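Take 11 as the starting number for the sequence shown in the numbering used here and just add one per residue. Worksheet: one structure, shown below.
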Amino acid sequence: MLDTRKTRVYNENKVVTILGPGTRVVGELSCQGTIRIEGAVQGTVFSDDSVVLLETGSVKGDVRAGQVIISGEVRGNVNAVDRLEITAHGKVLGDINAPRICIHEGVVFEGMCTMKADRARQTDSVSSGSPRPAAASTS
């Protein structure tokens, strides 16, 4: 049977918030649109859309978004609802979770990798009566 559920489209190019180079944030960074990080964050980063961490960017804390693209350094757990990409210059010291994961050659990654649909989204779907998202296939 054809899956007719609508999936959300994330757009890492439609940046709403920019944390520029040399900027340092301590605490929670939360945004409904795409966040581009070129500076440093010490705390949690959350976006309903995408988080793009450039080579000069670093996060010491957890990252949670629909889509996460890492070219800088994350010391914490990363949870992507739809997709996680770690580019060749990326460094992740923590656990990652996403149904779709792309890890380029040259990446530094130390942690556990889980390729399942977002647990929080599944819980929300169950409580709201919505259908659960399909799990990632390994075949």
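Backbone N, C-alpha and C fix where the C-beta goes; we use that ideal spot for every residue, glycine too. Predicted, not measured: the structure shown is a model, and the values here were computed from it.
Whole-Å CB distance - V51 paired with V69, under 8 angstroms assumed
5 angstroms
Rounded to a whole number of angstroms, what is the C-alpha to C-alpha distance between F119 and E48?
20 angstroms
Minimum C-alpha distance to V102 - residue among L39, L63, A127:
L63
Between the beta-carbon of G82 and the beta-carbon of G71, is there less than 8 angstroms?
no
Own chain residues within Cβ distance below 6 angstroms of R46, not counting five before or after
V25, I28, V62
Look at A98 and M125 and say whether their C-beta atoms are less than 8 angstroms apart.
no
At the level of alpha carbons, what is the spacing between D105 and L94?
12 angstroms
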